[in-house]
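Below: one structure, written as structure tokens.
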Amino acid sequence: MNTANSLTPSPSPGTPWLTTAIALGTFIVGIGTTFVVGGMNFGQQKNALENQTTRNQELQKQNDELAALLQKWREAVAQRDELLASTQSRLAAMQNDQCEAIRSEIDDLENSLSWADNNHMSELRRSEINRLITQHQQSLQSCFAARR
1 MNTANSLTPS PSPGTPWLTT AIALGTFIVG IGTTFVVGGM NFGQQKNALE
51 NQTTRNQELQ KQNDELAALL QKWREAVAQR DELLASTQSR LAAMQNDQCE
101 AIRSEIDDLE NSLSWADNNH MSELRRSEIN RLITQHQQSL QSCFAARR
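Here the working numbering is used: the first residue of the sequence shown is 1, the next is one more, and so on.
Next comes the structure, spelled out in structure tokens:
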């Protein structure tokens, strides 16, 4: 029923195929472009991830080294604290011990006598130091006896 008064032109038989081919080509180019851009982004992200992983490993290694060093410092400080407490305790005991003061004086006199021997001190001075040592030793014996 072809009428001469028809306003719509009749499509040519080759046009739908050409339109479909152009649309399909555009679609394929779009997909290809998407894959290329996506691949580039993936490559950049993979590279960034590898860099961050390497940096993370380096920082973890530094952290482990610093943690070990910190532990050594803590142990050293704990040992020093123990030594200090022990020394302070002994010092307090010695300060409270009258006998220790006498023993310290004897040590000082014996050191003076050694110095006198090495430096050719007069015989009078040496005998005086020996007399003082003897007196202090007697005092020390009395001190120890008084403790019992």
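Just so you know, even glycine gets a beta-carbon here, dropped at the ideal spot from N, CA and C.
Keep in mind the model is a prediction, meaning the values are calculated, not measured.
- Three or more C-beta pairs closer than 8 Å, one from the stretch 53-66 and one from the stretch 108-121: is that the case here? Judged by Cβ distances under 8 Å, the stretch 53-66 makes no contact with the stretch 108-121, as fewer than three pairs qualify.
- Query: CB-CB under 7 Å to Lys72, same chain, minus the five flanking residues each way: which ones, in chain order?
  - Reply: Close CB contacts of Lys72 within its chain, under the 7 Å cut and outside five residues either way in sequence, are absent.
- Run the CB neighbour count on His120, radius 10 Å, all protein chains shown included, and call it buried at 16 or more, exposed below. Looking at its Cβ environment, which holds fewer than 16 other Cβ atoms inside 10 Å, His120 is exposed.
- Message: Less than 8 Å between the C-beta atoms of Leu113 and Arg103, yes or no?
- Response: Here Leu113 is not near Arg103, since their CB atoms are 8 Å or more apart.
- Go ahead and pull the three-state DSSP assignment for His157. No statement about residue 157 is possible, as the shown extent of the chain runs from 1 to 148 and does not include it.
- Where the alpha helix (DSSP H) through Asp97 begins and ends: In the DSSP assignment, Asp97 falls outside any alpha helix (DSSP H) and carries neither an H nor an E.
- Status (buried if at least 16 other CB within 10 Å, exposed otherwise) for Ile129: Answer is buried; the Cβ neighbour count reaches 16.
- Message: Strictly under 8 Å for the Cβ-Cβ distance: is Ala67 near chain C by that measure?
- Response: Among the chains of the structure shown, chain C does not appear; only one protein chain is present.
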